[in-house]
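Worksheet for the structure shown next.
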Amino acid sequence: MPDPITCHVLDTNRGKPAESVIAQLYNISSTTNHENVKPFALSKTNSDGRITTWSFDPDVDYESTGVVNNKWEKLVPGQYKIKFLTSKYFKAIGGETFFPFVEIAFEVTNNSEHYHIPLLLSNFSYTTYRGS
1 MPDPITCHVL DTNRGKPAES VIAQLYNISS TTNHENVKPF ALSKTNSDGR ITTWSFDPDV
61 DYESTGVVNN KWEKLVPGQY KIKFLTSKYF KAIGGETFFP FVEIAFEVTN NSEHYHIPLL
121 LSNFSYTTYR GS
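Quick note on numbering: UniProt numbering labels position 120 of the sequence shown as 120, and the sequence is numbered without any gaps.
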């Protein structure tokens, strides 16, 4: 199964894909205190600003996420969050940002659907929407 959660980050100041933005994926369904949740997957945007695959943390229990042997077996419905480390990206390109990171929480309701999370990013603003 291809990874059911993907992203696309565009730097709207530069009019280009945002390359090498680190992202962390969390399952936040089972907790009310999202600050103590550990990411279960990591990735980095490619030269086109896209994340199409995730690397999974070997120390995390994947049963709640549907990952088996470091691959998605199924996507488990629930609440997820992607944290984009934007400060590192802007520092790498010689810029500054008001937002050191961007967190996007979303709900998976149908495990047979693909969930695409675009992020339109500039130094002092961002927006997102449900992609396709």
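From the three backbone atoms N, C-alpha and C, an ideal C-beta is built for every residue, glycine too.
Under the three-state DSSP convention, the category residue i falls into
i: threonine 86; result: helix
i: alanine 23; result: strand
i: alanine 18; result: coil
i: lysine 71; result: strand
i: lysine 81; result: strand
i: lysine 44; result: strand
Anticipated Cβ contact below 8 Å, residue i with residue j, distance rounded
i: valine 60; j: lysine 38; result: 6 Å
i: threonine 45; j: aspartate 3; result: The Cβ separation is near 14 Å, so there is no contact.
i: serine 20; j: alanine 92; result: 7 Å
Backbone CA spacing between residue i and residue j [nearest angstrom]
i: alanine 41; j: phenylalanine 90; result: 22 Å
i: threonine 6; j: proline 100; result: 21 Å
i: tyrosine 80; j: leucine 119; result: 16 Å
i: serine 29; j: glycine 66; result: 13 Å
i: phenylalanine 124; j: lysine 71; result: 36 Å
i: lysine 88; j: isoleucine 82; result: 16 Å
i: tryptophan 117; j: glutamate 103; result: Residue identity differs from the one stated: residue 117 is isoleucine in this sequence, not tryptophan. About 11 Å.
i: tyrosine 126; j: glycine 94; result: 18 Å
i: glutamate 73; j: serine 112; result: 11 Å
i: proline 58; j: glycine 78; result: 21 Å
i: proline 17; j: histidine 8; result: 8 Å
i: glycine 131; j: histidine 114; result: 9 Å
i: tyrosine 129; j: arginine 50; result: 15 Å
i: leucine 75; j: glutamate 96; result: 36 Å
Proximity of residue i and residue j at Cβ, strictly below 8 Å
i: threonine 121; j: isoleucine 22; result: The sequence as given places leucine at residue 121; threonine does not occur at that position. Taking 8 Å as the Cβ cut-off, leucine 121 and isoleucine 22 do not qualify as a contacting pair.
i: serine 64; j: serine 55; result: no
Q: State whether the region 100-109 contacts the region 12-19, with contact taken as three or more CB pairs (one from each stretch) at a distance under 8 Å.
A: No: fewer than three Cβ pairs fall under 8 Å.
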